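Participant:
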Amino acid sequence: MHYGRFRVTKIALDGDALAQFDTAPMMEASGLLADADVDVIAWNGTSGGWLGFDVDRRLCEDIEKETGIPATTSRLSQLKAFDLYHVNKIHLITPYTEDINELIIKEYAKSGIEVVNSVCLKQFVNRSFALVSQERIQEMFDEVCKDRADGISVVCTNLPAMWSVPRMEEKYGMTVYDTINTVVWDSLKMAGINPSLVKGWGRLFG
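Position one of the sequence shown corresponds to residue 23 (this note's numbering), numbered consecutively onward.
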């Protein structure tokens, strides 16, 4: 496995924040990863959730055209998992602001996914997402899981919700489709590796 990154410091809808997701830095990072002769290139980010899933689709097309390597993203991998497991109704958990959550819900609706309950932390500094405690994350699960749904969506690849996934799945009897575990699951499948080799990351890897 090889990793590359580019700068994302805040999540918001102003010009500076949206400019962080210009594809040029992503393509540069993809080119460097391609030098390592990887089998799959994954954009481990969630901006497609509010910019639009088609933005992620075009990014993957550009990466594949430029490098010849199959590509995916956290958001597209989530849609693949929803389709495979017939997930039509979800609960949504994010650390973002309310306006970002509203856009994510609208994008889900365009793909036929209904958000039953949602919660957000109203934060926008990227580093702050990683500092949210497991206790607070589990409280967010408690807030949304008051009704049944086909699954639980956690959107943010800097929010450390994965550590609570097995416990929350057992507590509520619903599979958690975190944007971290889904992109790893999808990347493994694309590379011809059985995802069940990963332990402790939830039902998706069963």
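Cβ coordinates follow ideal geometry from the N, Cα and C atoms, glycine included.
No experiment lies behind these values; they were computed from the predicted model shown.
1. By how many angstroms is the C-alpha of Arg170 removed from the C-alpha of Ile135?
2. With H, G and I counted as helix, E and B as strand and the rest as coil, what does DSSP make of Trp65?
3. Does DSSP put Ser140 in a helix, in a strand, or in coil?
4. Tell me whether Ser175 sits in a helix, a strand or coil according to DSSP, three-state version.
5. For the beta strand (DSSP E) that Asp200 lies in, which residues bound it at each end?
6. Would you mind reading off the limits of the alpha helix (DSSP H) that contains Ala51?
7. Run through DSSP, which three-state label would Thr95 get?
8. Alpha helix (DSSP H) containing Lys132: first to last residue?
9. Short check: CB of Ile112 to CB of Ile174, under 8 Å?
10. Alpha carbon to alpha carbon, how far is Met196 from Leu181?
11. Based on DSSP bridge pairs, tell me the residues matched to His108.
12. His6 and Val60 look like a contact to me (Cβ under 8 Å); what is the Cβ gap, rounded to whole Å?
13. Do the CB positions of Val205 and Ser99 come within less than 8 Å of each other?
Facilitator: To lay it out plainly:
1. Ile135 and Arg170: Cα-Cα distance of roughly 14 Å.
2. Trp65 carries a strand assignment under DSSP once its states are collapsed to helix, strand and coil.
3. In the structure shown, Ser140 sits in a strand (DSSP, three-state: E or B).
4. Strand.
5. DSSP places Asp200 inside the beta strand (DSSP E), whose first and last residues are 198-200.
6. Per DSSP, the continuous alpha helix (DSSP H) segment holding Ala51 begins and ends at 45-56.
7. Residue state, collapsed to three classes: strand.
8. For Lys132, the enclosing alpha helix (DSSP H) covers residues 120-132.
9. A distance below 8 Å separates the beta carbons of Ile112 and Ile174.
10. When rounded, the distance between both Cα atoms is 19 Å.
11. His108 is not bridged to any residue.
12. It is not possible to answer for residue 6, since the shown part of the chain is limited to 23 through 228.
13. Yes. Within cutoff.
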